[in-house]
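Below is one structure, written out as structure tokens; the observations come after it.
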Amino acid sequence: SQELEQSPQSLIVQEGKNLTINCTSSKTLYGLYWYKQKYGEGLIFLMMLQKGGEEKSHEKITAKLDEKKQQSSLHITASQPSHAGIYLCGADRGVPNTDKLIFGTGTRLQVFP
Amino acid sequence: AAGVIQSPRHLIKEKRETATLKCYPIPRHDTVYWYQQGPGQDPQFLISFYEKMQSDKGSIPDRFSAQQFSDYHSELNMSSLELGDSALYFCASSYSRLQETQYFGPGTRLLVL
């Protein structure tokens, strides 16, 4: 089973609308990363959250990590076509000497004019 | 700002051939990670290197090997290629390891015929 679940799997919104993507883990997250991927291209780093209750914003994107550090949300305000892509959450389990990030299933976002 | 460089960007090989993928990390980053992303899948961690030594190992087949060189660039060597090896291969780098943000390259798309 997938360790990180993202919802929704896909999202189609009209330009200017707000939207939220969720990332849920059954285990405590030590580091939660949000990336954006254009189809077939590299992952672009958006934000990293480490502390329970932490919230970060960059331009029109806000990411939050809940107090229990098991769920994160990514909120986009006044979406634009440039926001379209696949959003992936990645988690660091904090296991000693483990480098790997575990990724969620991804959320495909389409924004139409 | 300089990003992670990967070469080649696209590669077509036949079954049982070998392939070498190269990764040049962001300057001053000493940790390199390799991920494999199959079609419609999330990235899966293969292997990582810190200061030219293997630091973590994931689901990397025995047919694959990798190393990090003195200039911190890394190469992923893939032998006896199989159809199932067709995927997008990402390299990421970070400044030191463990809970440091991993910055991804654009990926190498490998197609095995």
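From first to last, the protein sequence lines are chains A and B. Residue numbers for the first sequence follow this note's numbering, beginning at -14 and rising by one. Residue numbers for the second sequence follow this note's numbering, beginning at 163 and rising by one. Ideal Cβ placement from N, Cα and C applies to all residues, glycine included. A quick note: this is a predicted structure, and the numbers were derived from the prediction, not measured.
Can you give me the start and stop residues for the beta strand (DSSP E) that G75/A sits inside?
By one-based count along the first sequence, residue 75/A stands at place 90. First-last of the beta strand (DSSP E) with G75/A: 70 to 77.
Do E40/A and T47/A count as a contact pair if the criterion is CB distance below 8 Å?
If you number the first sequence from 1, residue 47/A lands on position 62. If you number the first sequence from 1, residue 40/A lands on position 55. Taking 8 Å as the Cβ cut-off, T47/A and E40/A qualify as a contacting pair.
Give the single residue among K23/A, S58/A, I29/A whose Cα lies nearest to the Cα of E(-10)/A.
Locating residue -10/A in the first sequence gives position 5, where the first residue counts as 1. The residue with the shortest Cα to Cα distance from E(-10)/A is S58/A.
Cβ pair L50/A, L31/A closer than 8 Å:
Taking the first residue of the first sequence as position 1, residue 50/A is located at position 65. Taking the first residue of the first sequence as position 1, residue 31/A is located at position 46. Not a contact, by the Cβ cut-off of 8 Å.
If you follow the beta strand (DSSP E) that T193/B is part of, which residue opens it and which one closes it?
Your numbering for residue 193/B matches position 31 in the second sequence. Residues 193 to 199.
At 9 Å on the CB atoms, spell out the chain B contacts of L14/A, in chain order.
Reading the first sequence from its first residue, position 29 is the one you call residue 14/A. Chain B residues near L14/A: none, gap ~11 Å exceeds 9 Å.
By alpha-carbon positions, which one of A249/B, D218/B, P189/B ends up nearest to K175/B?
In the second sequence, the residue the question calls residue 175/B occupies position 13. Considering only alpha carbons, the answer is A249/B.
May I ask you to list, following chain order, the residues of the segment 8 to 32 of chain A that have a beta carbon less than 8 Å from some beta carbon of chain C?
In the structure shown, chain C cannot be found, because the protein chains are A and B.
Spatially closest choice to C8/A from L(-4)/A, Q65/A, Y72/A, S42/A, by CA coordinates:
Counting from 1 along the first sequence, the entry for residue 8/A is found at position 23. Out of L(-4)/A, Q65/A, Y72/A, S42/A, Y72/A has the C-alpha closest to the C-alpha of C8/A.
Span separating the alpha-carbon of Q65/A from that of K177/B
By one-based count along the first sequence, residue 65/A stands at place 80. By one-based count along the second sequence, residue 177/B stands at place 15. Computed Cα separation, rounded: 43 Å.
Tell me K49/A's beta-bridge partners as DSSP assigns them.
Here residue 49/A refers to the residue found at position 64 when the first sequence is read from its first residue. K49/A is bridged to E40/A, S58/A.
Taking the alpha carbon of Y18/A as the reference point, which residue from L273/B, P268/B, E262/B, L183/B has its own alpha carbon closest?
Stepping through the first sequence from its first residue, residue 18/A is reached at position 33. The shortest Cα separation from Y18/A among L273/B, P268/B, E262/B, L183/B belongs to E262/B.
Express the C-alpha separation of L208/B and D77/A in angstroms, rounding to a whole number.
For the purposes of this step, residue 77/A is identified with residue 92 of the first sequence, where counting begins at 1. For the purposes of this step, residue 208/B is identified with residue 46 of the second sequence, where counting begins at 1. Going by the C-alpha atoms only, they are around 15 Å apart.
Pop quiz: Y195/B and D84/A are said to be a contact at Cβ under 8 Å. What is the actual Cβ separation, rounded to whole angstroms?
For this step, residue 195/B is matched to residue 33 along the second sequence. For this step, residue 84/A is matched to residue 99 along the first sequence. Y195/B to D84/A, Cβ: 6 Å. Contact.
Spatial neighbours of H60/A within its chain, please: C-beta separation below 6 Å, excluding the five flanking residues on both sides.
Translated into the one-based positions of the first sequence, residue 60/A becomes position 75. Excluding positions up to five away in sequence, the list reads T5, T47.
Cβ-Cβ distance between Q168/B and G269/B below 8 Å
Numbered from its first residue, the second sequence carries residue 168/B at position 6. Numbered from its first residue, the second sequence carries residue 269/B at position 107. Yes.
Just verifying my parser: in three-state terms, what is the DSSP assignment at G246/B?
The residue given as residue 246/B occupies position 84 in the second sequence. Here G246/B sits in helix by DSSP.
Starting from the C-beta of Q55/A, find all residues in its chain whose C-beta is less than 8 Å away, skip the five residues before and the five after it, and write them out in chain order.
For the purposes of this step, residue 55/A is taken as the residue at position 70 of the first sequence. Hits under 8 Å: T9, S10, S11, K12, T13, L14.
So F252/B packs on G27/A, CB below 8 Å; how close in whole Å?
Against the second sequence, residue 252/B aligns to sequence position 90. Against the first sequence, residue 27/A aligns to sequence position 42. So it is a contact: roughly 7 Å between Cβ atoms.
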